[in-house]
Every structure is written in C-alpha cells, then in structure tokens.
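Protein chains in written order, with this note's numbering: chain R, 276 to 440; chain V, 17 to 307.
For every residue, glycine included, the Cβ atom is placed at its ideal position computed from N, Cα and C.
Please read the structure below before turning to the comments.
Here you go:
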C-alpha cells in the first residue's frame with residue numbers, strides 16, 4: 276500500500292540516491308540502508324540522544340526524522356569525525372579523559388559536542404552540563420565527558436580556533 | 017519501536033497542504049519539526065494514513081514586525097526563537113522561556129506551530145502564547161481565521177483547530193512600555209518538561225500596576241491564566257504581602273494532578289513559590305523600566 280520514494284542526499288560527503296519507505300527513520304536509513312552503524316539507536320523517542328547526527332550542520336535526533344524528508348540534505352555522522360588511526364581533536368579529548376566506558380552513548384555525545392562547541396561559548400561547566408543534558412550515559416557519571424568537552428572548549432579559546440573540533 | 021506505515025507528501029504551499037487534509041478527511045496528520053509527533057508515531061499512539069510535511073513550504077518561518085508587536089511564522093524553529101535579537105528585545109519573557117525548551121537537538125528541529133498544535137500543557141510555548149494573549153493564525157478550506165490563544169487550547173493535547181486547518185503563524189501583540197516580566201520553571205532534569213512553571217508580566221503606571229498577567233504551566237489540562245491573581249495585583253502598589261496573596265491565588269487556580277514526577281499538592285505548592293519569585297522579579301524589572 277505504501278510505495279517508496281526516491282531521495283538524494285549527502286552523507287559524510289558522499290552522495291547517495293536511494294528509494295525509501297516513508298516510515299524509515301533517518302537512524303535506520305543510516306544503519307540499515309547505508310551500513311553506517313556508528314549512529315546508535317537507543318530509546319527511539321528522542322530522549323536518550325544516542326542517535327544524534329548533524330542535519331545541514333545542526334544536531335538532530337535521527338530517530339525523530341524520516342529519511343524521506345531529507346531530499347537534498349547534508350548529513351554528518353560520527354564516522355565523519357576521525358578514524359581509529361587519526362582521531363579528531365574532540366575524539367582524542369574523549370580518549371584522554373576517559374569519557375566513555377561501554378561507548379553506546381558516545382556517537383551521540385560526540386555529535387552533540389560538535390554542535391555545542393559550534394553554537395555556545397561553553398565557558399562554564401554549568402553550560403557544558405546543560406548542553407549535554409539531553410544525552411544519557413549510564414556508565415561514566417558524565418564527569419569525564421564534561422572534562423573532555425571543557426578541554427576542547429579551552430583549547431579553542433587558547434588557539435582562537437573556531438574550527439571543526 | 018518503529019512507526020506504522022504511512023504515505024508521505026511534502027506540501028509545496030499552505031493551500032496544497034490544506035487540500036491534502038481535506039482530501040484525506042481526518043486520516044492525515046501534519047508534520048513540521050516532528051519532535052512531538054514522531055515519538056507518538058514510534059510508540060504507535062497514532063497511525064495516520066498520510067503525513068503532510070510542511071517543511072518545504074516557502075515563507076512559513078521567520079520573525080517579523082506586526083502592528084507594533086511581532087509575527088512568528090509557524091515553521092520558525094525553537095533555536096531561531098532562542099537566538100532572535102528582536103524576540104529578546106520585544107518579548108524577553110519568550111526569550112527566557114526558550115532557555116527551558118528541551119535540548120539543542122530538539123530545538124534545532126522543533127517549531128512554534130508544532131508546539132502550539134501539540135498542546136502539551138507542560139510545554140513552554142503554549143503557556144507563553146496564553147500569557148502574551150497571542151493570536152494564532154489558521155488556514156483552512158474556508159480561508160483564514162485568527163484564534164485567541166485563550167480559546168485555542170481545549171484540553172491536554174487537544175486544540176480547537178479543525179482537522180483540515182493548519183496553523184500558519186502566531187501574532188504577539190505589543191506589551192506596554194513599562195512592562196516587567198519573569199519566567200520560572202522547575203524540572204528535575206534540565207530540558208525535561210517542567211513539573212510546574214509560571215510566566216508573568218507586570219505593567220506599571222507610575223507606581224501602580226496597570227496590568228498584570230500570570231500564566232501557569234504543567235498544572236492543568238491547558239495553560240492556565242490565573243485571573244484571580246491578576247485581579248489582586250491590579251491598581252496596587254508594591255507590597256510583599258500583596259505578592260504573597262497573588263501567589264496564593266495562583267496556587268489556587270492550578271488544577272494539578274498526581275503523576276510519577278510529583279503529587280498534586282507538591283505542584284500546587286511549587287506554583288505558589290514560583291509565582292511569588294516571578295512576581296517579585298517582574299515587579300523589579302517593571303520599576304527599572306519606569307525609572
């Protein structure tokens with residue numbers, strides 16, 4: 276009864292043209308259709324933040340967005356940040372500060388951190404905690420994640436580098 | 017869970033969106049930011065045959081001047097309201113309320129039209145709409161009409177919008193020059209729906225209150241205007257006991273229920289505390305504006 280619709284969008288700089296069922300969530304499109312399993316699916320109702328990706332540069336919940344809505348869009352996932360051999364500065368900070376244990380929330384934490392660093396001064400821990408409060412972590416107690424984001428925010432102030440974390 | 021199957025149409029204009037709603041006769045749902053709708057679909061609380069997407073309609077977003085106040089397009093994202101300089105200048109109480117709206121990823125996507133139509137009584141924007149006597153613009157098959165915010169919210173998650181109507185914008189009439197304001201909300205976790213909240217404005221004429229407004233969040237089926245509290249303040253000069261009496265009247269106007277997050281008694285108590293704080297802060301700001 277429900278046909279597919281064709282969408283054309285860019286994910287991590289690569290153009291994709293796919294036929295999608297309207298009800299296909301962006302999170303499942305990334306994981307199932309494109310095989311980009313870095314984006315994690317937790318609660319599927321916008322609460323946990325594990326599935327956070329960037330849509331045209333802004334962080335969004337990929338479990339609350341349908342792929343069919345995204346014709347012409349640009350998506351960035353955690354795979355866009357760095358590689359195991361060559362971590363991004365933010366990923367490096369997460370590693371140095373022990374900001375993950377099981378790692379389930381980490382992709383969403385990282386993509387949220389990218390957007391927070393872009394949009395807010397993050398001059399205080401309160402601001403960092405407020406910014407990360409939409410992402411749930413059940414292992415770390417958040418303190419080490421806050422440490423990692425603070426380190427990147429501070430380094431950014433020192434170098435005057437507003438560039439990609 | 018995953019959402020049930022539906023057909024999808026991206027409307028190119030408001031007229032097209034309305035025709036689609038008429039054509040599907042109650043079987044279609046409108047999607048804007050989707051931040052309330054998609055969770056309900058994922059939980060399978062809703063199973064519309066068709067989703068009509070408003071996101072591709074040009075000109076449906078943005079903040080503009082309107083008869084001394086502002087007009088906010090229905091598709092304006094929360095993030096835009098949070099950062100809008102003109103909103104901050106004209107309606108700082110709206111700017112203050114935006115600081116309590118969910119989390120960045122939700123604010124990047126959610127819209128004012130969507131929040132009003134979803135009509136969650138614990139959401140900030142419906143409460144602000146009722147506080148500011150907003151006028152909600154709706155387009156339907158019979159043309160356009162304007163609905164006063166007070167008449168828009170019917171009960172929890174229910175509005176007086178017809179099934180074939182779409183909200184296209186929100187008008188916020190200008191506030192008097194010497195208006196102070198405050199927005200207070202309490203939630204257990206930053207960004208969660210508030211357990212209780214209150215928005216107030218106080219306009220002074222000299223030292224006396226020319227107009228006071230008190231709107232309550234999360235303590236009833238709809239946002240509640242605490243008219244009795246407003247009446248207590250009207251025409252009066254600053255007095256801590258007066259503020260306490262108005263806060264008490266606001267607590268009495270609340271119609272809270274027990275739930276997982278707090279008992280009805282606790283919520284009513286919170287309304288009194290938050291209203292007292294908000295009135296004191298708003299009065300200070302009004303006095304500063306007058307000085």
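One Cα belongs to residue 260 of chain V, the other to residue 322 of chain R, and the distance between them is close to 37 Å.
Residue burial is scored here from C-beta neighbours: residue 200 of chain V has at least 16 other C-beta atoms within 10 angstroms and is therefore classed as buried.
A Cβ-Cβ distance of about 41 Å is found for the pair residue 224 of chain V and residue 181 of chain V, leaving them out of contact under the 8 Å criterion. For residue 171 of chain V, the three-state secondary structure derived from DSSP is strand. From the beta-carbon of residue 206 of chain V, the residues of chain R found nearer than 7 Å are 405 and 408. Cα atoms of residue 69 of chain V and residue 303 of chain V: separation of roughly 46 Å, rounded to the nearest angstrom. Among the CB atoms of chain R, one or more fall inside 8 Å of the CB of residue 21 of chain V. Look at the segment 297–378 of chain R and you find these whole runs of alpha helix (DSSP H), each 4 residues long or longer: 364–371. Contact between residue 266 of chain V and residue 232 of chain V holds, with the beta-carbon distance rounding to 6 Å and staying under 8 Å. Per DSSP, the continuous beta strand (DSSP E) segment holding residue 291 of chain R begins and ends at 289–295. Neighbours of residue 327 of chain R in chain V, taken as residues whose beta carbon is under 8 Å from its own, are 121 in chain order.
Residues of chain V with a Cβ closer than 8 Å to the Cβ of residue 334 of chain R are, in chain order, 120, 121 and 124. In this structure, DSSP gives residue 24 of chain V an extended state, which the three-state scheme calls strand.
When the alpha-carbon of residue 372 of chain R is set against those of R:423, R:287 and R:311, the nearest one is in R:423. According to DSSP, residue pairing for residue 45 of chain V in a beta bridge involves V:67. Counting the other Cβ atoms within 10 Å of the Cβ of residue 382 of chain R gives 16 or more, which makes it buried.
DSSP, read as helix, strand or coil, puts residue 178 of chain V in coil.
Between residue 367 of chain R and residue 356 of chain R, the CB-CB gap reaches or exceeds 8 Å.
At least one beta carbon of chain V lies nearer than 8 Å to the beta carbon of residue 280 of chain R.
Taking the Cα of residue 189 of chain V as reference, the smallest distance to any Cα among V:71, V:23 and V:85 is reached at V:85. Neighbours of residue 50 of chain V across chain R, judged by C-beta separation under 7 Å: 339 and 340. With respect to residue 353 of chain R, residue 385 of chain R sits close: the two C-beta atoms are nearer than 8 Å.
Closer than 8 Å at the C-beta level to chain R, one finds these residues of the segment 61–76 of chain V: 67, 69 and 71.
Close CB contacts of residue 289 of chain V within its chain, under the 8 Å cut and outside five residues either way in sequence, are with 263 (chain order). Annotation: Cβ neighbours of residue 343 of chain R in chain V (cutoff 7 Å, chain order): 24.
Annotated as distal: residue 239 of chain V and residue 109 of chain V, with beta-carbon spacing of 8 Å or more. Residue 125 of chain V is positioned such that its CB atom lies closer than 8 Å to that of residue 335 of chain R.
In its chain, beyond the 5 residues on either side, 321 have a beta carbon closer than 7 Å to the beta carbon of residue 339 of chain R. Using beta-carbon distances, residue 321 of chain R counts as an interface residue toward chain V, with a partner under 8 Å.
By alpha-carbon distance to residue 195 of chain V, the top candidate from V:32, V:301 and V:87 is V:301.
A straight-line Cα-Cα distance of about 11 Å links residue 314 of chain R and residue 378 of chain R.
Residues of the segment 282–308 of chain R whose Cβ lies closer than 9 Å to any Cβ of chain V, in chain order: 296, 297, 298, 299, 300 and 303. When DSSP states are grouped into helix, strand and coil, residue 82 of chain V belongs to the strand group. Taking the Cα positions, residue 139 of chain V is about 24 Å away from residue 161 of chain V.
When C-beta atoms of the segment 266–285 of chain V are compared with those of the segment 207–224 of chain V, three or more pairs fall below 8 Å, so the two segments count as touching. Sequence-ordered contacts of the segment 361–390 of chain R with chain V read 387 and 390 [C-beta pairs closer than 7 Å].
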